[in-house]
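One structure below.
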Amino acid sequence: MKRLFSIIVFLALMTAVTAQASNVYVPSIAYKGKTIFIVKIVCTGTSDGAATDALSITAAAYPEIFDMIQETWLVSATTMKGGTAPDAADLTVQQQIGGSAAVVEMFGTNGVNAIHASATYTVYPIYTSGTSANGYWPITGALIVDVENQTSAGGITNIYLVFSK
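All letters in the sequence shown, in the order written, are residues 1 to 165 by the numbering used here.
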């Protein structure tokens, strides 16, 4: 319970980050404990307001993050606005299954409207029976994070993905 409280306080106290104009997604390790890992992703809307591309966390692109989250479970995603407010938007997180092109959507419809111009939201993965002891898909491949329907030019969203062993 103490650890959960610490994580909640940590997320509440995170400050907004100003993203560089050339970046759409900037992932980093926000917290690395023995059993809890938090990956922070700063997503910035493109200068013309077009929809952003997806971020693929792969062994080649982000080896430290990729290795850290393997064999963990995605527990939640918290979204909060950065310096410039984003549009209301949807968050999708998919896991690539093995080396194939097949993916599993981690949040299902829970990610719809998960991003807001002023509110902070936390969403949870959908329950899928038979995949593990607690029903969630363990991370065993690339993770694809996408913000859809965000068209504010320069709108910044901070996404915190919480993983547990």
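Quick reminder that beta carbons are idealized off the backbone N, C-alpha and C, glycines included.
- The alpha-carbon separation between I97 and L161 amounts to approximately 19 Å.
- Counting the other Cβ atoms within 10 Å of the Cβ of N149 gives fewer than 16, which makes it exposed.
- When DSSP states are grouped into helix, strand and coil, P125 belongs to the coil group.
- Within the same chain, G45, I115, A117, Q150, S152, G155, I156 and T157 come within 7 Å of P86 by CB-CB distance, once the 5 residues on both sides are set aside.
- By the criterion of a C-beta distance shorter than 6 Å, T122 is surrounded in its chain by S76 and T78, once the five residues flanking it on both sides are discounted.
- With respect to I29, V39 sits close: the two C-beta atoms are nearer than 9 Å.
- For K32, DSSP records a beta bridge to F37.
- Considering only K34, T92 and A61, the residue with the shortest C-alpha distance to V26 is A61.
- CA-to-CA, the gap between K165 and G83 works out to about 32 Å.
- Rounded to whole angstroms, the Cβ separation of I57 and L143 is 4 Å, and the two are in contact under 8 Å.
- For E71, there is no enclosing alpha helix (DSSP H), as DSSP gives it neither H nor E.
- Take F107, set aside five residues on each side of it, and the residues of its chain with a beta-carbon closer than 8 Å to its own are A77, L91, T92, V93, A114, V123, Y124, P125 and I126, in chain order.
- The C-beta distance from V147 to A89 rounds to 5 Å, short enough to fall under 8 Å.
- Collapsing the DSSP output to three states places N158 in a strand.
- From the listed residues V103, A54 and Q95, the smallest Cα separation to T72 is found for Q95.
- With fewer than 16 other Cβ atoms inside 10 Å of its own Cβ, G99 counts as exposed.
- Partner residues in the beta bridge of K81, as assigned by DSSP, are T157.
- Rounded to whole angstroms, the Cβ separation of I65 and I139 is 11 Å, and the two are not in contact under 8 Å.
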